[in-house]
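Residue numbers for the sequence shown follow the working numbering, beginning at 885 and rising by one.
Glycine included, C-beta positions come from ideal geometry on N, C-alpha and C.
Only a predicted model underlies this, so the values are computations on that prediction, with no experimental measurement involved.
One structure is given here, and the rest of the page talks about it.
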Amino acid sequence: IGAWGAAAITTVYSFPRLVPMAKTYFNNDTVANIAVIAGVFLGTLIVATIITSRISDMVLDSRIGALDRTLGFLFGLARGLLIVVVAFMFFAWLVPDKQQPDWVRTAKSLSVLQSTGNWLMTLLPDDPESTILKRLKRDKDEQTDAAPASSPATTATVGDGGYGKSQRDGLRQLIEGKR
């Protein structure tokens, strides 16, 4: 899990910095974005998996193996609780209280799920949609600022109805070179 988290965090923070460099190699922006995301994520995942497996082997061979197993068990419980709470919150959002089955309304764990879900909701920003959109806009602005401005090879005025002389000569050479 640590390797996956490290790969995700590395991808999120390195994406805006690496996309301009990838766009020099790929003409299509979508391909450049996919290449950066896949490359950084997979590269980091492989390296982090190797490192975490070595650390895991060292811990299992040491005296703290029992502590590691206990902490792993507690982490698994917390992760399971989080998954169940998120699933319940989604279910409660999707199905109104009056339409929920009796076994859901009378469940002994209902109060725990609701209170934990409410606590998780307090951790979220007041308006998550605008927060995410602001973050995406800021990242896009940073990406645009980091991209080098390209200048056209030849200048043509907007009022021209066709190609300039240098452009026509270049096209003619290109066509004749293909024959």
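{"Check": "Validate contact between the stretch 915–931 and the stretch 897–907 using beta carbons, cut 8 Å, 3 pairs", "Outcome": "yes"}
{"Check": "Contained alpha helix (DSSP H) runs [length at least 4] in the stretch 951–1006, N- to C-terminal order", "Outcome": "986–989"}
{"Check": "Span separating the alpha-carbon of Gln998 from that of Ala890", "Outcome": "31 Å"}
{"Check": "Own chain residues within Cβ distance below 6 Å of Thr933, not counting five before or after", "Outcome": "Ala887"}
{"Check": "Environment of Ala895 [buried if 16+ CB atoms lie within 10 Å]", "Outcome": "One detail in the question is off: residue 895 reads as Thr in this sequence, not Ala. Thr895 should be labelled buried."}
{"Check": "Separation of Ser940 from Ile930, as counted between CA atoms", "Outcome": "15 Å"}
{"Check": "Phe899 beta carbon less than 8 Å from that of Ile935", "Outcome": "no"}
{"Check": "For Glu1013 and Val996, the rounded distance between their alpha carbons", "Outcome": "27 Å"}
{"Check": "CB of Leu1004 within 8 Å of CB of Val969, strictly", "Outcome": "yes"}
{"Check": "Buried/exposed call for Val924, threshold 16 Cβ in 10 Å", "Outcome": "buried"}
{"Check": "Thr928 classed as buried or exposed, judged by whether at least 16 other C-beta atoms fall within 10 angstroms", "Outcome": "buried"}
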